[in-house]
Each structure stands twice: as C-alpha cells, then as structure tokens.
Amino acid sequence: MIRATLATISTLLALALPAAAADDFIAAPTLRASITVTSDVVRIGDLIDNAGSAAMIPVYRSPDLGTTGTLTVGQVLSVLRAKQVIGVMTGDIKEVQVTRLARTLASKDIENAVAAALERRFGLGEAANITVTFDRSVAEMRLDASNTGALQPVATRYDARSGRFDIAFEIANDSNPVPTKLRFSGTAIEMVEVAVLTRDIDRAELLKSSDVSLERRPKAEVTGEPASRDRTLGMQLRRAMRAGTPIRLADIVKPDFVLRDQAVTIIYQVPGLYLTTRGKAIESGAEGDTVSVLNLQSKRTLTGTVTGRGQVTVQGASQSAPMAPAVERTSSLKRDDVPAPVDTAALVRNLIQTPASPAQVAQAPIPQARISQAPAKSE
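Per my numbering: the sequence shown = residues 25 to 403.
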C-alpha cells in the first residue's frame with residue numbers, strides 16, 4: 025500500500041516537473057534594448073520584462089527631458105545584481121537606449137497663449153493682431169510628458185499705456201494633483217495692417233499701385249481708421265504727405281474733376297430741355313461735390329454739382345426755372361382752338377440768366393404765354 029502511494033506521488037512529480045520548467049522559462053527576466061520613460065527615474069520594471077516585485081525599484085536617473093541616453097549591458101546587469109535581480113536574459117543586446125518623453129512648447133505656442141489671454145481685453149483687439157515680445161528669450165520649452173493640460177491663464181496684468189504684461193499659466197498634470205505653473209512677462213502691442221506711401225506725394229497726384237505698400241504698424245501710430253491698399257488706389261490725398269506715412273481713410277478723397285479757375289462746361293437741365301454754356305470754376309471739387317461756377321455769358325455765379333471732368337450740372341428746378349402758366353378751366357377756348365406757342369427764346373434767356381440769390385429768384389419774372397382767342401365758328 026505504501027509502495028503504491030509513493031509510486032503515484034513520484035509519477036505526479038515527474039509529470040509536474042516539465043510544466044514547472046516551462047513556467048520558469050516564460051517568467052525569466054528579459055532585458056529590453058530600447059525603453060521610454062516619463063518620470064525622472066528609471067526603474068527595474070522599465071529595463072526588463074518579468075521584473076516581478078522588483079519592478080518599482082529605481083536604479084538610474086532619467087535623461088534630460090526629450091533626450092536619449094545609452095547604457096551598456098554590463099552596466100545594467102551590474103546594477104540589477106546589486107538589487108538581487110539575477111538570471112536576466114540579454115540575448116544579443118549590446119547596449120540599452122533610454123529615452124525620456126517630454127511635452128514641447130514652442131515659443132510660438134507660448135506667444136499665442138499670451139495673445140489669447142489678452143484678446144479683446146484692456147482695449148486690445150483680435151489675438152492675431154497682437155505682437156508679443158518676452159523679457160527673456162523664450163525658445164523651445166520642454167515639460168514632463170505628464171503635463172497634458174492646456175495653458176490656462178490664471179492671473180493676467182496689462183498696462184495699456186506701456187504695453188507691459190505679466191501672465192501666470194497653469195497646466196494640468198496627470199501624475200500630480202498640483203498643476204504645473206508657468207509665468208511670462210514682456211510687451212504686447214496691437215498691430216494693424218495699413219497702406220503706407222512709398223514716396224512723397226503731392227495733393228494733386230493720383231495714387232498708383234507703385235505709390236502704396238502694405239505694412240504692419242502699431243495701432244497707436246495710426247490715429248483714425250487705417251485705409252486698405254485697394255481703397256487708396258486712384259484717390260487723391262487731402263494734403264501733401266511724405267514717404268513712409270500711414271494712410272488713413274480721412275487722408276484720401278475722390279480725385280478732383282474740377283479745379284479752381286478751370287474752364288468748365290455748365291449744363292442746364294430741366295425736364296425736356298438740355299443746354300450747355302461755358303463757365304469758370306470758382307472752387308475745386310470731386311465728383312458729386314457742390315461747387316460754385318461763373319457763367320461767362322451772363323457773368324453770374326451759379327451753384328451746381330460736379331458730374332464729370334470739367335463738367336458742372338445746374339438743375340433747372342433748383343434755379344427756379346420758368347414754367348408756362350396753366351390754362352384756366354374757365355377759358356372759352358374750344359377743343360379746336362390752338363393756343364399761341366410759348367416764347368422759348370425768353371425761357372432760355374431767363375434760364376441762362378438765373379439769379380444768384382434766393383431773393384432774386386423770388387423776384388424773377390415768369391414769362392407769360394400769350395393766348396389768342398379765335399373767333400367762334402358760326403353754326
């Protein structure tokens with residue numbers, strides 16, 4: 025009976041030994057050729073697979089953020105043996121590369137974060153138009169990879185007169201309940217795109233494409249609304265301006281179609297009548313402007329609207345143009361009777377010699393239409 029029991033136990037042990045050997049082979053610690061870490065230390069579990077309970081033991085300081093370091097296999101095995109880790113499978117590995125992951129913040133990213141924190145605040149406009157300059161050069165900034173949050177401004181100070189800013193940011197950290205804090209100071213100025221003269225320009229010159237370029241200038245240098253390049257082409261300046269001067273909308277006007285003392289054509293226009301005569305401009309004006317002109321024929325001063333180059337139109341209605349009187353309803357004229365024609369010469373003469381003042385307009389004679397009554401036909 026005892027012998028049978030021992031035989032059974034021996035058989036079971038024999039069957040179990042290959043399985044145990046297989047488990048030992050699978051669980052054998054194996055060295056890694058290349059590893060990445062996110063913390064500031066390298067642990068045994070980072071270097072080898074199947075580290076077991078020794079996985080969390082730190083053995084090396086991590087490389088700098090975003091950099092890679094190299095360890096020889098001999099160095100690694102020596103450190104592992106000191107931590108009671110033996111029997112590590114190395115295969116044909118000659119060295120181990122250790123890379124520390126990092127979050128990189130480019131200087132442009134930080135500039136954009138500052139501009140966004142100031143956008144539409146303290147009298148500033150769009151973030152895209154804010155130019156940021158830091159007190160200390162901000163190149164590429166590396167943070168621990170666990171800093172996965174966005175740059176959140178938590179304290180913002182800005183002086184509109186000097187453009188100085190001081191902004192504190194926080195970044196959420198996955199491995200630490202306390203966020204990472206960053207602080208930047210410098211100058212932020214709002215810029216505007218404005219048309220700038222490329223040469224000295226006189227008032228009478230028309231602006232051409234080669235006379236105007238686009239530049240970004242501090243908004244404080246451009247008082248009033250800046251003019252776009254397209255808006256300035258073909259226009260005139262209200263005054264002579266020097267090269268490099270920003271152009272505002274208030275600086276440009278439509279080109280003068282009539283110049284002072286220029287010979288012009290005066291057009292008299294009333295319904296059904298269109299007359300022209302020679303005149304001289306008393307003042308300059310652009311299209312649509314109201315100017316005074318001298319009628320060279322009547323020697324009277326008229327007021328009209330500039331409607332073209334060297335052309336001023338005087339509306340007859342505004343100059344109290346004569347009108348033919350209406351026929352009274354009590355007239356004895358019959359259907360076949362024809363009234364005498366209106367004196368057109370008197371009408372034209374009166375139209376050309378339009379009085380200059382409202383009082384004279386009120387006193388201007390109205391030509392009467394002479395009506396001759398034909399004898400009644402006998403029935």
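Using N, Cα and C, we set each Cβ at its ideal position, and we do this for glycine too.
Distance check for S131 and V162, CA to CA, integer angstroms please. 6 angstroms
If we call anything under 8 angstroms between Cβ atoms a contact, is V294 one with Q335? no
Looking only at DSSP bridge pairs, what is E214 linked to? I154
Applying the 10 Å Cβ sphere with the 16-neighbour rule, what's the burial state of S86? buried
Around the Cβ of V236, are there at least 16 other Cβ atoms within 10 angstroms (buried) or fewer (exposed)? buried
What does the Cβ neighbour count give for T94, buried or exposed, with the cut at 16 atoms within 10 Å? Of the other Cβ atoms in all chains shown, fewer than 16 fall within 10 Å of the Cβ of T94; this residue is therefore exposed.
L95: first and last residue of the uninterrupted beta strand (DSSP E) it sits in: It spans 92-96 - the beta strand (DSSP E) in which L95 sits, taken as one unbroken run.
When the Cα atoms are used, what is the spatial distance from G168 to G115? At residue 168 the sequence reads Asp, which differs from the Gly that was named. Rounded to the nearest angstrom, the two C-alpha atoms are 32 angstroms apart.
Identify the residues that DSSP records as bridge partners of S161: which are they? Answer is none; S161 lacks a bridge partner.
Hey, could you find the ends of the alpha helix (DSSP H) A139 is sitting in? 131-142
Measuring CB to CB, does A405 end up less than 8 angstroms from I154? In the structure displayed, the chain extends from 25 to 403; residue 405 sits before or after that span and is not available.
Evaluate Y298 with the Cβ neighbour count: other Cβ atoms within 10 Å of its Cβ, from every protein chain shown; 16 or more gives buried, anything less gives exposed. Per the 10 Å Cβ criterion, exposed.
I think V338 touches I290, with their Cβ atoms under 8 angstroms apart; what is that distance to the nearest whole Å? 6 angstroms
Three or more C-beta pairs closer than 8 angstroms, one from the stretch 134-149 and one from the stretch 181-200: is that the case here? Here the stretch 134-149 makes contact with the stretch 181-200; the two share three or more CB pairs at distances below 8 angstroms.
Residue range of the beta strand (DSSP E) that includes T327: Per DSSP, the unbroken beta strand (DSSP E) holding T327 starts and ends at 324-332.
Would you tell me roughly how many angstroms separate the C-alpha atoms of D190 and L142, rounded to the nearest one? Going from the Cα of D190 to the Cα of L142 covers about 11 angstroms.
Beta strand (DSSP E) runs contained entirely in the stretch 102-126, provided each spans 3 or more residues: Within the stretch 102-126, the complete beta strand (DSSP E) runs of at least 3 residues are 119-124.
Excluding the 5 residues flanking E217 on each side, which residues of the same chain have their C-beta closer than 7 angstroms to its C-beta? L238, R240
Can you tell me whether DSSP reads V294 as helix, strand or coil? strand
Cβ shell of Q387 (< 7 angstroms), same chain only, five flanking positions each side left out: Since pLDDT at Q387 reaches only 43, below the 50 mark, its modelled position is unreliable, and the value read off the structure follows with that caveat. Contacts found: none.
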